[in-house]
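Counting in the working numbering, the sequence shown runs from 1 upward without gaps. We put the CB at the ideal spot given by N, CA and C, even for glycine.
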Amino acid sequence: MSDDWHMLAQEERLFCEVLERICAERIAPKAAETDETSRFVHEQLAILGEAGMMGANLPEAYGGSEISAPALLRAVAIVAGACGSTASALTAHYLATDSILIGGAEAQKEHWLPRAASGEALGAFALTEPTAGSDPADMKTRARRTEAGWHVKGTKCFISNGGVADFIVLYAVTDPDKGHRGISAFILPKGTPGLEAGAAERTMGLKGGHVFTLNIDCHLPADALLGEEGFGATGNAAILTIGFFAGIYLANLFGYRLEEVKLATATGLGGAFLLLTLLVGFKAAMRRLNG
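See the structure below:
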């Protein structure tokens, strides 16, 4: 019998085995009720925090599990097989923490990443706008320098975790003359004055993984800027590319048809990664049901 995950180290196999048991016993039984009630998956994410999954994408130096990319794919697929809503919220959290890991100053990493890895702080990644999706060329949200720091104003939409997150990594144009190189990122803690989230959007599925419209009219301190000005150009591209190639890796590994890969990669925002892990998780769940 072939082993699809032969590349995992022994400790990674153990990590995934323990996670699979936790998901089967504590997360999967809540999935139907979550979909029926549309209740956000706070409790499920707390369970994943205890299991080391909220920081599985992060180095040990910041409290993460520091597992390999294939092991992370396997772990997220396990979560997706138990509850798609939980996987949606989890991977949105990863987009936020990856942003800080890749582009943040050391002080920002030390402040946010250990809390995110433990499950104490939930992240959101605010890129999409009503007229600008994963391609930020038409981004309208602006950030202008002030004497005290920055004034950020605009609207984001379909932001996973946006209304319940403890911190949001938000992308905005800081220099319109530089095109995509004039995009920067900011960290907005929960409760930032001028940050308002609408009601959770009604969705056809993944009803416990909420998405929100965010209205932003915030005055931020200088240190809210994530890393250096202009990080948004390289950081956003790097983070979404990780999701894209992770999806392609899963597609090759599990033999998905080209049409399925095109559907996944067209969703943007790491959609290839999330959608294909949901497909892998679904097939795993169906195998369990069918014996």
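{"Item": "Once you ignore the five residues that flank Glu129 on each side, which residues in its own chain have a CB closer than 8 Å to its CB?", "Value": "Asp138, Met139, Lys140, Thr141, Gly154, Thr155, Lys156 and Cys157"}
{"Item": "When DSSP labels each residue in this structure, what does Trp150 get in the three-state scheme?", "Value": "strand"}
{"Item": "Express the C-alpha separation of Tyr94 and Leu278 in angstroms, rounding to a whole number.", "Value": "Any reading at Leu278 needs caution, since the residue's pLDDT is 47, under 50, leaving its predicted position unreliable; the model's value is listed next. So the two alpha carbons sit approximately 16 Å from each other."}
{"Item": "To the nearest angstrom, report how far apart Ile159 and Val169 are at their CA atoms.", "Value": "11 Å"}
{"Item": "Assign Cys218 to one of three DSSP states: helix, strand, or coil.", "Value": "strand"}
{"Item": "Ignore the nearest five residues each way along the sequence and tell me which others in Asp223's own chain have a CB closer than 6 Å to its CB.", "Value": "none"}
{"Item": "Name the DSSP bridge partner or partners of Val79?", "Value": "The partner list for Val79 (beta bridge, DSSP) is empty, contrary to what the question assumes."}
{"Item": "Report the option in Gln10, Phe40 and Glu17 whose CA atom is closest to the CA atom of Gly163.", "Value": "Phe40"}
{"Item": "Confirm, please, whether the CB-CB distance from Leu226 to Trp150 is below 9 Å.", "Value": "no"}
{"Item": "So the alpha helix (DSSP H) Tyr94 belongs to, where does it begin and stop?", "Value": "Gly84 to Gly103"}
{"Item": "In whole angstroms, what is the alpha-carbon distance linking Glu229 and Arg181?", "Value": "9 Å"}
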